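Numbering of the sequence shown is given in full-length UniProt numbering, commencing with residue 1 and proceeding in unit increments. Have a look at the structure below before the remarks.
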Amino acid sequence: MGWSISSCSTPLMLSSHPKIQCSSNCFFQTISLQGFSGFASAAPIKSKATSDCDASVIIQGSCRISCWRSFLVSKKRKQKRRTLAVASQLKVVDAVEDDEACELVNGVEVLIGGEGDYEIYAYLLKPVKNNNGTGILLLSDVFGFEDSATRDFAYRVACNGYNVLVPDLFRGDPWTKDKPKSLYEEWRARHSQERVANDIFASTNWMINEFLAAGISKKLGIIGFCFGGGRVIDILAQDQGGCFGVGVSFYGTRINTSLATNVKVPVLFIAGDNDPLCPINTLKDAEKQIEQSKVVVFEGRGHAFAHRPESPEEDEDAETAFVLMRNWLHDGLDTEP
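The following block contains the structure:
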């Protein structure tokens with residue numbers, strides 16, 4: 001994997017490994033945007049230092065990162081065809097093409113006014129050259145908005161022309177792998193569905209207002225993984241087509257199918273048939289209730305394969321899932337694929 005840096009005032013020590021080692025004086029600024037159309041006028045309000053960061057967060061102010069190779073696809077990978085099992089018993093064959101036209105992307109952390117005096121942290125990625133003027137809200141898994149796998153995926157979505165906002169759904173308290181599993185339900189209870197939904201809608205309204213200020217009036221897309229994948233249905237059921245035009249749920253957990261009848265936009269469900277956290281029958285039930293929705297099942301795949309692939313085989317299926325998602329967004333939001 002190759003990376004290049006331009007217009008960045010911070011000295012960086014880069015390697016070709018996905019985990020980029022930065023010098024100890026590499027600072028990332030949390031900034032408050034003074035308008036969506038440009039980051040140059042952003043006002044720094046907080047700094048933090050780090051000695052280890054992933055490629056998706058090597059950003060200060062309007063520092064631009066250029067990725068010339070997909071983080072999932074090798075440069076010389078030939079076109080591949082994958083046969084997918086679809087819940088409707090149909091077989092879908094989709095071509096996976098090389099995806100090497102990754103444009104410059106600006107990335108910043110932003111503060112969004114939330115419930116009461118609380119301000120929501122979020123990560124915003126904005127393509128520079130191929131911006132299609134469309135926004136995507138990306139809801140993370142339980143590991144939060146700062147997780148490298150989530151930011152890498154968001155970065156790649158932005159490379160395809162979308163303005164991607166990843167809000168902190170857990171207010172600085174994400175789940176971590178070192179915590180005992182016995183504490184999971186207690187942790188989850190601290191993040192009520194109502195509070196999370198309020199923060200998601202605050203993030204949605206912020207993004208819509210920023211677009212309106214730039215003279216753009218378009219519906220948004222929404223993507224979610226795991227925890228976030230389940231919340232996609234909650235949010236779309238409340239929204240009822242007001243803000244969002246399309247949704248994608250990757251192996252959503254704890255999906256409330258009773259809400260599905262209130263979803264008024266097409267939803268693509270992607271999951272593996274070896275995932276106990278996302279029962280395929282639940283997705284089928286939701287598919288029956290949501291008009292023009294589709295369930296795509298990857299045989300032999302478990303949880304999180306699409307944004308956390310752990311083998312060459314999962315890499316291929318993750319790439320296929322990305323292409324399906326990209327085409328779904330294109331069709332639902334009327335953008336270029």
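Even for Gly, the Cβ is constructed at its ideal location relative to N, Cα and C. In this text, all values refer to a predicted model and were calculated from it rather than measured experimentally.
Over what stretch of residues does the alpha helix (DSSP H) that includes P312 continue unbroken? By one-based count along the sequence shown, residue 312 stands at place 312. In the DSSP assignment, P312 falls within the alpha helix (DSSP H) that extends over 312 to 333.
What residue from Q289, N198, P276, L277 has the CA that sits closest to L268's CA? Looking up residue 268 in the sequence shown gives position 268. From the listed residues Q289, N198, P276, L277, the smallest Cα separation to L268 is found for Q289.
6 Å CB neighbourhood of G133 in its chain, flanking five on each side removed: For the purposes of this step, residue 133 is taken as the residue at position 133 of the sequence shown. Taking G133 as the centre and dropping the five residues before and after it, the same chain places the C-beta of I216 closer than 6 Å to its C-beta, in chain order.
Look at I255 and D199 and say whether their C-beta atoms are less than 7 Å apart. Along the sequence shown, read from residue 1 onward, the residue named residue 255 stands at position 255. Along the sequence shown, read from residue 1 onward, the residue named residue 199 stands at position 199. Taking C-beta atoms as the reference points, I255 and D199 fail to come closer than 7 Å.
Give me the Cβ distance between L169 and F145, rounded to the nearest whole Å; I'm assuming they're in contact under 8 Å. In the sequence shown, counting from the first residue as 1, residue 169 sits at position 169. In the sequence shown, counting from the first residue as 1, residue 145 sits at position 145. With a Cβ gap of about 7 Å, L169 and F145 count as contacting.
Reducing DSSP to helix, strand and coil, say where K288 ends up. Position 288 of the sequence shown, counting from 1, holds the residue named residue 288. Of the three classes helix, strand and coil, the one that applies to K288 here is helix, per DSSP.
Could you check which residue in G300, V295, A321, L125 has the C-alpha nearest to that of H307? Numbered from its first residue, the sequence shown carries residue 307 at position 307. H307 has its Cα closest to that of A321, out of G300, V295, A321, L125.
For S74, count the other beta carbons within 10 Å of its own beta carbon; 16 or more makes it buried, fewer makes it exposed. Which is it? Position 74 of the sequence shown, counted from the start, is the residue given in the question as residue 74. Bear in mind that a pLDDT of 31 at S74, under 50, signals an unreliable position, so the number given afterwards is only what the model happens to contain. Exposed, since its Cβ has fewer than 16 Cβ neighbours within 10 Å.
Can you name, in chain order, every residue of its own chain whose Cβ lies under 6 Å from the Cβ of K294, other than the five neighbours on each side? Residue 294 sits at position 294 when you count from the first residue of the sequence shown. Leaving aside the five residues that flank K294 on each side, the residues in its chain whose CB is nearer than 6 Å to its CB run, in chain order, L268.
Within 10 Å of its beta-carbon, does Y184 have 16 or more other beta-carbons around it, so buried, or fewer, so exposed? Locating residue 184 in the sequence shown gives position 184, where the first residue counts as 1. Result: exposed.
According to DSSP, is E146 helix, strand or coil? As a position in the sequence shown, residue 146 is number 146, starting the count at 1. Here E146 sits in coil by DSSP.
Three-pair Cβ contact test at 8 Å for the stretch 198 to 213 versus the stretch 164 to 180: With contact defined as three or more Cβ pairs closer than 8 Å, the stretch 198 to 213 and the stretch 164 to 180 are in contact.
Anyone know if the C-beta pair for Q305 and E299 falls short of 7 Å? Here residue 305 refers to the residue found at position 305 of the sequence shown. Here residue 299 refers to the residue found at position 299 of the sequence shown. A small fix is needed here, since residue 305 is Phe in this sequence, not Gln. Not a contact, by the Cβ cut-off of 7 Å.
Quick one: Cα of G38 to Cα of Q240, how far? In the sequence shown, the residue the question calls residue 38 occupies position 38. In the sequence shown, the residue the question calls residue 240 occupies position 240. Caution applies to G38, whose pLDDT of 38 falls short of 50 and renders its modelled position unreliable; the value that the coordinates give is listed next. Spanning the two alpha carbons is a distance of roughly 31 Å.
Pick out whichever of A286, K129, G242 has its Cα sitting closest to the Cα of S258. For this step, residue 258 is matched to residue 258 along the sequence shown. Closest option to S258, Cα to Cα, is A286.
G133 by DSSP, collapsed to three states: which one? On the sequence shown, position 133 is the one that residue 133 refers to. DSSP places G133 in coil when its eight states are reduced to three.
Is it buried or exposed for Y118, if we count other Cβ within 10 angstroms and need 16 for buried? Against the sequence shown, residue 118 aligns to sequence position 118. Around the beta-carbon of Y118, fewer than 16 other beta-carbon atoms lie within 10 Å, marking it exposed.
Name the two residues that bound the continuous beta strand (DSSP E) containing V248. Counted from its first residue, the sequence shown places residue 248 at position 248. For V248, the enclosing beta strand (DSSP E) starts and ends at 244 to 250.
Between which two residues does the beta strand (DSSP E) containing A122 stretch? Against the sequence shown, residue 122 aligns to sequence position 122. From DSSP, the beta strand (DSSP E) with A122 extends over 119 to 127.
Are L220 and V263 close, meaning C-beta to C-beta below 7 Å? On the sequence shown, position 220 is the one that residue 220 refers to. On the sequence shown, position 263 is the one that residue 263 refers to. No, the pair does not count as a contact, with Cβ atoms beyond the cut-off.
What did DSSP end up calling F305 once you bin it into helix, strand or coil? The residue given as residue 305 occupies position 305 in the sequence shown. Residue state for F305 is assigned as coil, using DSSP reduced to three classes.
Are G230 and G272 touching if we call contact CB-CB under 7 Å? Stepping through the sequence shown from its first residue, residue 230 is reached at position 230. Stepping through the sequence shown from its first residue, residue 272 is reached at position 272. No.
Let me know the secondary structure DSSP gives E299 once reduced to three states. Counting from 1 along the sequence shown, the entry for residue 299 is found at position 299. E299: coil per DSSP, three-state reduction.
Can you tell me whether T83 is buried or exposed? The criterion is at least 16 other CB atoms within 10 Å of its CB, across all chains shown. Position 83 of the sequence shown, counting from 1, holds the residue named residue 83. Here the model assigns T83 a pLDDT of 33, short of 50, so the residue's position is not dependable and the matter cannot be decided.
Three-state secondary structure (DSSP) of V196: As a working mapping, residue 196 is identified with position 196 in the sequence shown. In this structure, V196 counts as helix in the three-state DSSP scheme.
Cβ-based neighbour list, residue 422, same chain, cut-off 6 Å, excluding 5 preceding and 5 following: The first residue shown for the chain is 1 and the last is 337, placing residue 422 beyond what the model contains.
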